[in-house]
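This report refers to the structure that appears directly beneath it.
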Amino acid sequence: MEASLINLANVIQIAVAPVFLLAGIAGFLNVMSGRLGRIVDRARILEKRMFVIKGEEQKKSSQYELRTLWRRIRMINWSIGMCTASALMVCAVVVSLFIGDIWHLQFETLVTGLFVFAMLLLITALILFLREIQLATRTLQLGRESFDD
13 MEASLINLAN
23 VIQIAVAPVF
33 LLAGIAGFLN
43 VMSGRLGRIV
53 DRARILEKRM
63 FVIKGEEQKK
73 SSQYELRTLW
83 RRIRMINWSI
93 GMCTASALMV
103 CAVVVSLFIG
113 DIWHLQFETL
123 VTGLFVFAML
133 LLITALILFL
143 REIQLATRTL
153 QLGRESFDD
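Residues in the sequence shown are numbered from 13 upward in steps of one, following this note's numbering.
Below, the structure written as structure tokens:
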């Protein structure tokens, strides 16, 4: 009984790191969800405004901005999906650690694979997030350049 409690304590210690990783991923998801909400709000405003725009130049500029917003929405959606999948893989790591200990199964390869896959998903999510931010910044710079003329 005492040896099994010690094993459980060891598994809990090992599972703490992935749980902290989950907290970090949750923070990323919160930031990305907030950005997505703001982008969608801006797209809705722009879509409504398109009906009242009279000038051809303004209409073209608004259409370009709207296409860019929809690109950003797709990127952030993919990023959120990858981040969520990463979190699910981390959860699977934690569950595998406990199941392996309880049933005395050798899940080292499974745990390693799940963790590596979780990191690859997280890396992909962060790259997509970075690309979305770069696209947003580039769009702002283009708008600023048109005002500087």
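The C-beta atom is built at its ideal place from N, Cα and C for all residues, glycine as well.
Can you tell me whether residue i is buried or exposed? The criterion is at least 16 other CB atoms within 10 Å of its CB, across all chains shown.
i	result
Leu133	buried
Leu81	buried
Met44	buried
Ile114	exposed
Leu142	exposed
Ile18	exposed
Leu152	exposed
Ser98	buried
Leu140	buried
Ala35	exposed
Met94	buried
With DSSP run on the structure shown, which of helix, strand or coil describes residue i?
i	result
Leu17	helix
Phe141	helix
Phe32	helix
Ile24	helix
Leu117	coil
Phe40	helix
Phe129	helix
Ile135	helix
Val64	coil
Could you check whether the Cβ of residue i sits closer than 7 angstroms to any heavy atom belonging to the ligand ATP?
i	result
Ile92	With respect to the ligand ATP, the structure offers nothing, as it holds no ligand at all.
Where do the N-terminal and C-terminal ends of the alpha helix (DSSP H) with residue i fall, by residue?
i	result
Phe110	Glu68 to Ile114
Segment contact, 8 angstroms Cβ cut-off, at least three pairs: the segment 110-120 with the segment 49-59 = no
Tell me, please, whether the segment 105-114 touches the segment 20-31 by the rule of three or more beta-carbon pairs shorter than 8 angstroms.
-> yes
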